[in-house]
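Q: Here you go, one structure.
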Amino acid sequence: MGDMANSSIEFHPKPQQQREAPHAGGFGCTLAELRSLMELRGAEALQKVQEAYGDVSGLCRRLKTSPTEGLANNANDLEKRRQIYGQNFIPPKQPKTFLQLVWEALQDVTLIILEVAAIVSLGLSFYAPPGEESEACGNVSAGAEDEGEAEAGWIEGAAILLSVTCVVLVTAFNDWSKERQFRGLQSRIEQEQRFSVIRDGQLLQVPVAALVVGDIAQVKYGDLLPADGVLIQGNDLKIDESSLTGESDHVRKSADKDPMLLSGTHVMEGSGRMVVTAVGVNSQTGIIFTLLGAGGEEEEKKDKKAKKQDGAVAMEMQPLKSAEGGETEEREKKKASVPKKEKSVLQGKLTKLAVQIGKAGLVMSAITVIILVLYFVIETFVVDGRVWLAECTPVYVQYFVKFFIIGVTVLVVAVPEGLPLAVTISLAYSVKKMMRDNNLVRHLDACETMGNATAICSDKTGTLTTNRMTVVQSYLGDTHYKEVPAPSTLTPKILDLLVHAISINSAYTTKILPPEKEGALPRQVGNKTECALLGFVLDLKRDFQPVREQIPEDKLYKVYTFNSVRKSMSTVIRMPDGGFRLFSKGASEILLKKCTNILNSNGELRGFRPRDRDDMVKKIIEPMACDGLRTICIAYRDFSAAQEPDWDNENEVVGDLTCIAVVGIEDPVRPEVPEAIRKCQRAGITVRMVTGDNINTARAIAAKCGIIQPGEDFLCLEGKEFNRRIRNEKGEIEQERLDKVWPKLRVLARSSPTDKHTLVKGIIDSSTGEQRQVVAVTGDGTNDGPALKKADVGFAMGIAGTDVAKEASDIILTDDNFTSIVKAVMWGRNVYDSISKFLQFQLTVNVVAVIVAFTGACITQDSPLKAVQMLWVNLIMDTFASLALATEPPTESLLLRKPYGRDKPLISRTMMKNILGHAVYQLTIIFTLLFVGELFFDIDSGRNAPLHSPPSEHYTIIFNTFVMMQLFNEINARKIHGERNVFHGIFSNPIFCTIVLGTFAIQIVIVQFGGKPFSCCPLSTEQWLWCLFVGVGELVWGQVIATIPTSQLKCLKEAGHGPGKDEMTDEELAEGEEEIDHAERELRRGQILWFRGLNRIQTQIRVVKAFRSSLYEGLEKPESKTSIHNFMATPEFLINDYTHNIPLIDDTDVDENEERLRAPPPPSPNQNNNAIDSGIYLTTHGTKSATSSVFSSRPGSPLHSVETSL
């Protein structure tokens, strides 16, 4: 790393280095010195600081900054620092220029074929064969002399080239605007990122780009460090440096051991202050980016991001060990660190569909060309018996080129190149609009995946509740107060202890500031639970600020910061007499277990036994929790000067406490949440609440929100109980046990981040339902990273969320509000519907255009729709239609239907009915016009016209009618669920109206003035009215189709299914071994378990005989997935509470676990859950031999149940 960084020093402009020579601009350190300092780690770095600067405060003096007051907030000084040390900004990679995008658009195969054909056609049109022998070549060029049209042969080629240019420019422009929008989005995400610095003694939030060298920055749990720095003072600070070093263990930082903090790393625990020493391209992350060439190649950036995330996940999985449930195996960890996001559902379906259509189009166009060529050859050389003359060659070749162009045009029309465009436009449009609905989308496809969501796992605090907490009940000095007690009623000693315990033992960055405007509520800054406690101090008519000034942060002797495992925070201070006092606060049921004394009403200690504790839980804590309050216990402990404990032995230190008070904090439910949750449930989405709170509190809030309704069959579990139910004796998670829990689970309380990840993974991997669940998760904490990554859509909180959570998420909720998630669902479904609308329209045009071109070519040797006309139709139906139909705004009615799910086809039966129905109408009209149109309109027939003949009215009418029908059918395509009123809400989409009218206007121009290039000749008013009349007929016909019930049409196939479970495309296989899809993974696990099971079973010969036959059927060909799947998919045993276990094996090797398993089921601990705790009992079905029934267990993994029973 070091030499890498050294080598990159010469990237920086030379003048800068000359300017630094005499100690840069009056500062005591040069840029180069600071850079070389930041390359050191640990003890080396400390030594260097001591040698060069004395200590960190010496470094601060050289940088002209104060460790406590920070920089003076004056613009000139900050600007000077930026000039000398650079600004905190890494220049992004140059976006692709418009020309590059044009070049990319030109790479499209069909377009290349067209260009070649057009150029050949152009070349040939300029070559005129000698005139005399033209007779010998047959009727080939007869009629070409009329009105000297022969010279106009070049027009068709030129027109094709022109329309190709149009298509290319449109595509390039779309890509360009997409890129620009995305950059806008990125910069908005970056601008929103702010960091706390101290300037002029004030704590300010400044944008990350405004940080300068010498700033004093406050770092805290969950931050993503924006610059390099040296730690001045830290509490229990642990950093995840995996993004830079690849080491997944947390690195403990302290001012006296390892003070170096690097940009791009995550703070996982604790807090502290650092002095910024390197920013932007000079920071460690910046140096790497510079080496990659200012952000490097896109690929490298992606890899780096993936690596970074791998690191983050691998590292965030660490707490697994400390949480209950024992060690999870290495394998689990490895699995977690492969953040393979599957292709989004929609992309998968579309790619498949586009490929199918493309193949069909290719076949059709090939057949068209072959038929045309054969027809011509047979007619000219066989029927008319001509000989191929050398001088006629160019004429014949010209014919062949014409046939080829017709074939290519069929292909162009058949290939729906508008699909990717429609998706992009629809997504980009939605993302832009979702910004207004407080959804900042980081990954485009998340928006569409959200429309398929079937489950949402939401946090409680801040998402379902307002996150403005206040203490409403308290238990102080043996009295339970239902509101804030008057200070006079409390013993001064208790009051004093309470004020100190709260003021000192909370982050000093948490404050309550006066309201911004008269009559508003005071502003809460920092951790909201701590704000509630500080508010309680103010309500008791005391102030926390003087206490903090008396004992500033750097005087704190030791801080055990809050984390999800401890669920408490403790601070130690030194007393004047040389002893120590520890203040602790945390979840009441956890902290009360560590209390041995309690303060009575006079402020004296009184013993606190387990019996008293149970009493208190029943009488004080449960009633508070049932009111939906979060209970926090505040306690303290004194150490005499003589008995200083070992501070690293935390369990020893935080024990034997004296309880001062228990407070109940209310966090009211957001008023709009119950309605939002009702909408979700109506839309077929299950909402689950996952919270760290007490189960009673959680249940009370869940009932208020409407997540649980009285009389329903649901489960509310605590983390411990959840783990007990889903793990087997060895502490491994079994999918099969999880499948019994999650469908009814509504509230998971006292859960660790690991539990959240387990639940999300369990629901996603489950195969119990008819389709795979699509899970959305909200999270705000650093430890939510793994769950957010694992989920199909991760929502991070924009206000309360940590940088780590935002980094792992797909969508950021800028207002932290649950209702915004419902908006996201609406937009997601809208994207899906928009694309279906577009498909319905596009496929109708495709079917008709291809059939017309094909049959027309076969019967009349010339496509009724010319190449240029086809390209115009293609432009209408691809580019314009995708714009028009993909920008329909969402309506509430989208939330009235169930989610589509992963395997629902893109084209439903109703849509298939519409496509075929309209195709029938259009084909009937066009063929009628083609074969009897000249009689009807009394005009010359355009059929069998020779090469280069002028455009005929006949074919112009066909072209015009065709376009009119498409325009009116575009209005029909606005509805895909068989609604009657296709005009509903049409004016709420101005883009749609503009495009339809615009296309109509251009069509008039093309027909009336297009002339030769468009093969059109002007039509009379009467002919126009007929064309319009037939077009309007589309709307009437649409109503006719809507009357036919879809259920009657069993023959219709659906199309565009998602990729099947067992199909893996070649690319996926090529993506490397570790990215095996779920089915494969399960299989591997299955195989490992098979063999492990087999080894155990060999000792039980008697059992082996019984099931040898059934077992080996599955083992013979483990590579064929289906065989194992089928073998596993017959659950033949019932789980039952009441019948006793049928002993399957001799009782000789039954260990204690088994004894516990066989005991009669314990009474359910949470009686008010209407679900029974299922003990695990096997009752075999009928007379099947007991053993084989065990083996054919759930599809998850065949031997799980055997492991349970053996």
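Letter by letter, the sequence shown follows residues 35 to 1240 in my numbering. Backbone N, C-alpha and C define an ideal beta-carbon position, used for all residues, glycine too.
Tell me whether HIS1018 sits in a helix, a strand or coil according to DSSP, three-state version.
A: Reduced to three states, the DSSP call for HIS1018 is coil.
Q: Beta-carbon of ASP682 versus every beta-carbon of chain C: anything under 8 Å?
A: Note that chain C does not occur in the displayed structure, where there is just one protein chain.
Q: Report the option in LYS900, GLY832 and GLN1082 whose CA atom is closest to the CA atom of LEU474.
A: Closest option to LEU474, Cα to Cα, is GLY832.
Q: Going by C-alpha distance, which of LYS494, VAL465 and THR497 is nearest GLU482?
A: Comparing Cα-Cα distances from GLU482 to each of LYS494, VAL465 and THR497, the minimum goes to VAL465.
Q: On the three-state DSSP scale, how would you describe ILE893?
A: Residue state, collapsed to three classes: helix.
Q: Would you list the residues sitting across from PHE756 in a DSSP beta bridge?
A: Per DSSP, none; premise fails for PHE756.
Q: Go through its chain and collect everything with a Cβ distance to VAL827's Cβ below 7 Å, but skip five positions before and after it.
A: Excluding positions up to five away in sequence, the list reads ALA480, THR483, MET484, ALA487, ALA810, ASP844 and ILE845.
Q: Straight-line CA distance for THR692 to SER785?
A: So the two alpha carbons sit approximately 27 Å from each other.
Q: With a 10 Å radius around its C-beta and 16 neighbouring C-beta atoms as the bar for buried, classify HIS1018 as buried or exposed.
A: Per the 10 Å Cβ criterion, exposed.
Q: Of all the options ASN269, THR853 and SER297, which has the alpha carbon lying nearest to the alpha carbon of LYS287?
A: Measuring from the Cα of LYS287, the nearest candidate turns out to be ASN269.
Q: Taking the DSSP output, what are the residues bridged to ARG307?
A: Bridge partners of ARG307: GLN252 and GLN267.
Q: Take every Cβ of the region 633-647, pair it with every Cβ of the region 563-575, and state whether three or more of those distances are shorter than 8 Å.
A: Judged by Cβ distances under 8 Å, the region 633-647 makes no contact with the region 563-575, as fewer than three pairs qualify.
Q: Give the secondary structure of VAL559 by DSSP, where H, G and I count as helix, E and B as strand, and everything else as coil.
A: In this structure, VAL559 counts as strand in the three-state DSSP scheme.
Q: For ASP530, does the three-state DSSP call read helix, strand or coil?
A: ASP530: helix per DSSP, three-state reduction.
Q: Quick check: the region 801-816 against the region 487-505, are there 3 or more CB pairs under 8 Å?
A: Contact between the region 801-816 and the region 487-505 is present, because at least three Cβ pairs lie under 8 Å.
Q: Short of 6 Å in beta carbon distance, which residues of its chain neighbour ASP849, apart from the five on each side in sequence? Order them along the chain.
A: Excluding sequence neighbours, ASP849 sits near ASN472.
Q: State whether the region 743-750 contacts the region 774-782, with contact taken as three or more CB pairs (one from each stretch) at a distance under 8 Å.
A: Segments in contact, yes.
Q: On the criterion of 16 or more Cβ atoms from any shown chain inside 10 Å, does HIS534 qualify as buried, or is it exposed?
A: So HIS534 ends up on the buried side.
Q: Is it true that the CB of VAL247 sits closer than 8 Å to the CB of LEU97?
A: Their beta carbons are under 8 Å apart, which means LEU97 touches VAL247 by this criterion.
Q: Measure the alpha-carbon distance for ASP588 versus SER305 and round it to whole angstroms.
A: When rounded, the distance between both Cα atoms is 12 Å.
Q: Return the chain-ordered list of same chain residues with a C-beta closer than 6 Å to the C-beta of LYS790, the five sequence neighbours on each side being excluded.
A: Taken in chain order, the residues that qualify are VAL724 and ALA821.
Q: Which residues does DSSP pair with HIS284 in a beta bridge?
A: HIS284 pairs with ASP274.
Q: By the DSSP assignment, the alpha helix (DSSP H) with GLN23 in it spans what residues?
A: Since the first residue shown for the chain is 35 and the last is 1240, residue 23 is missing from the structure and cannot be characterised.
Q: Just curious, the beta strand (DSSP E) that CYS667 is in, first and last residue?
A: Here the beta strand (DSSP E) through CYS667 covers 663-673.
Q: Taking the beta strand (DSSP E) that PHE642 belongs to, which residues open and close that run?
A: Neither: PHE642 is in no beta strand (DSSP E) and is coded neither H nor E.
Q: Would a C-beta distance cut-off of 8 Å place CYS565 and ILE585 closer than the cut-off?
A: No, Cβ-Cβ distance for CYS565 and ILE585 is not below 8 Å.
Q: Distance check for LYS1009 and PHE872, CA to CA, integer angstroms please.
A: Taking the straight line from one Cα to the other gives about 10 Å.
Q: Tell me which same chain residues have a C-beta within less than 8 Å of the C-beta of ILE1075, skipping the five on either side of it?
A: LYS947, ASN948, GLY951 and HIS952, listed in sequence order.
Q: What's the gap between the Cα of MET658 and the Cα of ASN634?
A: Whole-angstrom Cα-Cα distance: 20 Å.
Q: Specify the secondary structure class of THR64 as computed by DSSP and reduced to three states.
A: Of the three classes helix, strand and coil, the one that applies to THR64 here is coil, per DSSP.
Q: How about THR402 and PHE888: are their beta carbons less than 8 Å apart?
A: For THR402 and PHE888, yes; Cβs fall inside 8 Å.
Q: Looking at the secondary structure, which residues open and close the alpha helix (DSSP H) in which ASN685 lies?
A: Here the alpha helix (DSSP H) through ASN685 covers 684-687.
Q: When the distance is taken between beta carbons, is LEU625 closer than 8 Å to SER598?
A: Contact: no.
Q: Around the Cβ of VAL397, are there at least 16 other Cβ atoms within 10 angstroms (buried) or fewer (exposed)?
A: Its Cβ having fewer than 16 others within 10 Å, VAL397 is exposed.
Q: If we count the other Cβ atoms within 10 Å of its Cβ and call it buried at 16 or more, is SER1081 buried or exposed?
A: So SER1081 counts as exposed.
Q: Tell me the DSSP secondary structure of ASN108 in three-state form.
A: Three-state DSSP puts ASN108 in coil, outside helix and strand.
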